[in-house]
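J.: Numbering (the working numbering), first residue to last: 5 to 182.
1. So for residue 44, helix, strand or coil by DSSP?
2. Of the residues 45, 29, 41 and 16, which one's Cα is nearest the Cα of residue 130?
3. Check the C-beta distance from residue 21 over to residue 28 and give it rounded, since I have them as a contact under 8 Å.
4. Would you mind reading off the limits of the alpha helix (DSSP H) that contains residue 151?
5. Is it buried or exposed for residue 95, if we count other Cβ within 10 angstroms and need 16 for buried?
6. Straight-line CA distance for residue 67 to residue 89?
7. Classify residue 174 as helix, strand or coil using the three-state DSSP reduction.
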């Protein structure tokens with residue numbers, strides 16, 4: 005688990021976005037003033053859990069379902085996300101595949117606990133194409149718990165376009181301290 009501080013020279017608004025326990029889709033809507041559109045890329049059984057997933061995914065009970073989405077506000081793509089679920093839990097909680105996870109999970113006002121497990125700078129050509137910006141990109145992964153039980157693992161990658169609202173992160177000069 006990360007310390008909760010993050011890199012010392014990361015602006016406060018970015019610390020809240022990356023390390024806070026609030027909903028990123030809600031934050032995106034608040035800072036842009038636009039509704040968040042969830043563009044579903046894929047949602048299917050993931051039998052090939054490899055070493056490129058957060059280690060916490062191994063704590064979920066198989067069979068696992070993997071969901072991948074782009075998050076858009078207006079014409080801007082501001083985040084990419086993927087989540088892993090036990091198949092039964094996904095069927096129970098993700099009935100509308102085009103709805104933000106936070107909205108699906110908080111219907112009925114049931115309590116959730118979010119624990120941020122990792123923060124990283126990542127770079128990939130497909131992310132550069134999706135965001136139409138050069139990397140590296142801030143990424144985090146976290147788990148949702150309900151009734152002390154792990155519900156899902158989520159990884160999010162954020163577009164540098166967010167610097168318009170959150171301030172510059174000087175991504176190339178930051179070091180991650182865990």
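No residue lacks a Cβ here, since even glycine has one placed at the ideal position from N, Cα and C. Note that the coordinates shown come from a computational prediction; the quantities given were computed from them, not determined experimentally.
T.: In brief:
1. Position 40 of the chain shown, counted from the first residue, corresponds to residue 44. DSSP places residue 44 in strand when its eight states are reduced to three.
2. Stepping through the chain shown from its first residue, residue 130 is reached at position 126. Comparing Cα-Cα distances from residue 130 to each of 45, 29, 41 and 16, the minimum goes to 45.
3. Translated into the one-based positions of the chain shown, residue 21 becomes position 17. Translated into the one-based positions of the chain shown, residue 28 becomes position 24. Right, the Cβ-Cβ distance comes to about 7 Å (below 8 Å), so this counts as a contact.
4. Here the question's residue 151 lines up with position 147 in the chain shown. Residue 151 -> no alpha helix (DSSP H), and no H or E assigned at all.
5. Walking along the chain shown from the start, residue 95 turns up at place 91. So residue 95 counts as exposed.
6. Position 63 of the chain shown holds residue 67. Position 85 of the chain shown holds residue 89. Straight-line Cα distance between these residues: approximately 8 Å.
7. Here residue 174 refers to the residue found at position 170 of the chain shown. Note: residue 174 maps to coil in three-state DSSP.
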